[in-house]
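Inspection log for the structure reproduced underneath, given as structure tokens.
Numbering (full-length UniProt numbering), first residue to last: 1 to 605.
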């Protein structure tokens with residue numbers, strides 16, 4: 001049944017007196033779309049075949065009010081004109097068509113790169129929309145999810161697509177009601193009554209089955225723990241959604257297990273997000289589509305549906321249920337005839353199924369290390385990606401890929417390669433699951449100001465630390481070998497070409513060992529610039545197969561007990577020889593004779 005209504009339209013504050021047709025299409029998580037047909041002479045002069053005046057309406061605001069004459073019920077809509085068209089045929093002037101969208105189209109100005117560190121969902125939405133014209137969007141931000149999110153990236157997404165994704169990931173409402181833009185369920189919702197046989201001319205109620213059994217998991221590297229949770233059961237629920245969910249669970253009994261999109265911090269957060277996803281999947285199982293004549297319907301509002309049927313004496317009404325209106329198409333012609341098509345889900349649902357969410361895919365990219373002083377001492381770094389530089393932003397603390405990392409029975413931490421990039425290093429950043437919220441360091445790379453390469457023949461491989469400690473692997477024919485050099489030029493050089501090893505210390509070289517053996521196949525030379533001291537806790541034994549020569553300016557031998565010299569022949573030669581026994585007798589023994597000779601006289605007293 002079509003009702004008489006009054007439609008008022010204004011563009012940029014100027015009223016439009018006549019039109020031939022108006023259509024407004026509204027739905028959750030979408031831009032609202034409108035199309036207005038007006039006579040050619042509404043804006044143009046007769047005889048003009050070009051939209052000389054009409055084109056000036058592009059970008060202007062349009063306000064529409066649709067009011068039912070008896071009940072005074074009304075629909076309000078504000079939009080932005082995005083297209084002007086002139087439809088002509090058969091030599092006639094034709095009509096002008098104005099098309100456009102809700103002010104939410106202002107959030108679709110292009111792909112954006114933006115990161116958010118340690119902010120709540122409410123703070124993220126407010127920051128993402130702060131550059132928008134607040135009077136046009138009139139944002140109402142009140143999400144249910146209140147926890148801080150460690151790191152969130154808007155990656156090559158328009159602000160509208162970004163908020164749409166957040167709506168899907170966190171189970172939040174996101175829609176425009178004709179005047180206000182909501183992120184989060186409003187505290188109050190307009191409720192109206194619609195009766196089949198009165199305001200409702202046609203109605204289609206449906207129930208379907210769909211896979212609703214699933215589990216999800218998320219890995220937390222801080223404590224090396226996998227959080228896992230299954231979607232909550234709907235068994236025992238007596239409403240239509242519960243019935244459909246139970247039937248779906250029986251038909252699609254296999255429980256799938258996939259990683260959850262948002263990063264979660266604990267088991268409780270995972271359970272909360274999975275419950276929201278299950279609620280969204282269940283909400284999509286029961287739907288109502290109806291054609292009505294009431295302009296009081298409102299996107300995001302609740303319609304109390306009733307059915308009028310003939311009783312014994314008169315018509316009676318019966319409750320059909322309350323439905324949350326998720327989509328409305330308004331249509332009104334120039335004669336004031338109005339009709340609409342509404343779509344809804346049972347009003348008890350708290351989460352709206354989002355079907356248009358798009359998830360970004362992040363590719364490996366260049367970044368610069370800004371911090372490596374990980375407060376948890378896990379070897380993580382914070383990186384400034386190229387697009388973060390003008391924003392003065394960085395990633396969260398991210399892990400560094402290494403050829404080998406882990407622990408063992410004997411080594412609990414840092415088993416493997418420990419090379420944490422230095423502040424200022426350029427690195428390649430990859431992303432787990434191609435998710436921009438899950439970066440990790442794939443490795444470091446040189447650039448034109450830091451690269452030296454492997455020289456002409458690519459013969460030199462090296463490891464150099466921040467202060468200049470150096471390990472070199474030289475494959476050239478002239479200097480084939482390995483050299484370890486510290487910043488003070490203390491060197492260990494393995495000369496592969498000459499089969500030599502040289503150790504150079506600028507100060508002191510110390511060897512500590514329980515036992516030590518030195519094996520020299522041929523010759524051993526020791527050159528000492530000043531003094532040499534040899535101490536043994538017990539014995540010293542020196543043996544030469546051929547001969548042993550001891551040479552010095554002065555030689556002093558001292559034994560606390562005795563000195564024994566044994567040989568087949570013993571000869572002492574000196575310019576002056578003195579043998580002194582300072583305490584006891586001097587005794588000389590011989591197996592035969594003792595011969596004492598002197599060039600002069602001998603004295604025995």
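Every residue, glycine too, gets a C-beta built ideally from N, C-alpha and C.
Proximity to residue 14 across 43, 28, 533 and 24 peaks at 43, based on C-alpha coordinates.
DSSP lists no beta-bridge partner residue for residue 539. Two segments are said to touch when three or more pairs of C-beta atoms, one from each, lie closer than 8 Å; by this definition the stretch 167-180 touches the stretch 69-81. Relative to residue 51, the option among 84, 28 and 32 whose CA is nearest is 84. Rounded to whole angstroms, residue 484 and residue 475 show a C-alpha spacing of 15 Å. In its chain, beyond the 5 residues on either side, 470, 471, 472 and 473 have a beta carbon closer than 8 Å to the beta carbon of residue 462. Shown here, residue 125 sits in a helix according to DSSP, grouped into three states. Between the stretch 30-46 and the stretch 95-110 there are three or more C-beta pairs closer than 8 Å, enough to call the two in contact.
A check of alpha carbon separations from residue 96 across 56, 188 and 123 identifies 56 as the nearest. Residue 165 carries a helical assignment under DSSP once its states are collapsed to helix, strand and coil.
Residue 421 sits close to residue 372, with the two beta carbons spaced by under 8 Å. CA-to-CA, the gap between residue 397 and residue 232 works out to about 33 Å. By the C-beta density criterion, residue 532 is exposed, having fewer than 16 other C-beta atoms within 10 angstroms. If you check the CB distance, residue 328 and residue 299 come in under 8 Å.
Following the DSSP letters along the chain, one finds residue 226 inside the beta strand (DSSP E) bounded by residues 225-230. Shown here, residue 57 sits in a helix according to DSSP, grouped into three states. DSSP places residue 282 in the uninterrupted alpha helix (DSSP H) bounded by 267-283. The stretch 381-400 makes no contact with the stretch 196-208; the number of CB pairs closer than 8 Å stays below 3. In its own chain, leaving out the 5 sequence neighbours on each side, no residue places its CB closer than 6 Å to the CB of residue 127.
Counting along the chain, the unbroken beta strand (DSSP E) around residue 78 starts and ends at 74-87. For residue 189, the closest of 297, 217, 218 and 499 by C-alpha to C-alpha distance is 297. Looking at 123, 482, 155 and 136, the one whose alpha-carbon comes closest to that of residue 112 is 155.
Boundaries of the beta strand (DSSP E) around residue 201: 200-207.
Counting only unbroken stretches of 3 or more residues, the beta strand (DSSP E) elements lying wholly within the stretch 488-521 are 491-495 and 500-504, in sequence order.
Pairing residue 104 with residue 364, the inter-Cα distance amounts to about 32 Å. When the beta-carbon positions are compared, residue 161 and residue 304 stay at least 8 Å from each other.
Listed as beta-bridge partners of residue 6 by DSSP are 67. Between residue 259 and residue 273, the beta carbon gap of about 12 Å keeps them out of contact (Cβ cut-off 8 Å). Counting the other Cβ atoms within 10 Å of the Cβ of residue 241 gives 16 or more, which makes it buried.
Burial check for residue 431: the Cβ neighbour count within 10 Å reaches 16 or more, so the residue is buried. In this structure, the straight-line span from the alpha carbon of residue 366 to that of residue 441 is close to 10 Å. Per DSSP, the unbroken beta strand (DSSP E) holding residue 304 starts and ends at 302-310.
Counting C-beta atoms within 10 angstroms of its own C-beta, residue 603 has fewer than 16 neighbours from the protein chains shown and is therefore classed as exposed. CA-CA distance, residue 122 to residue 146, rounds to 7 Å.
Judged by beta-carbon spacing, residue 383 lies beyond the 8 Å limit of residue 361, meaning their Cβ atoms are not closer than that value. Taking a contact as a CB-CB distance under 8 Å, the pair residue 175 and residue 29 counts as one, their CB atoms being some 7 Å apart.
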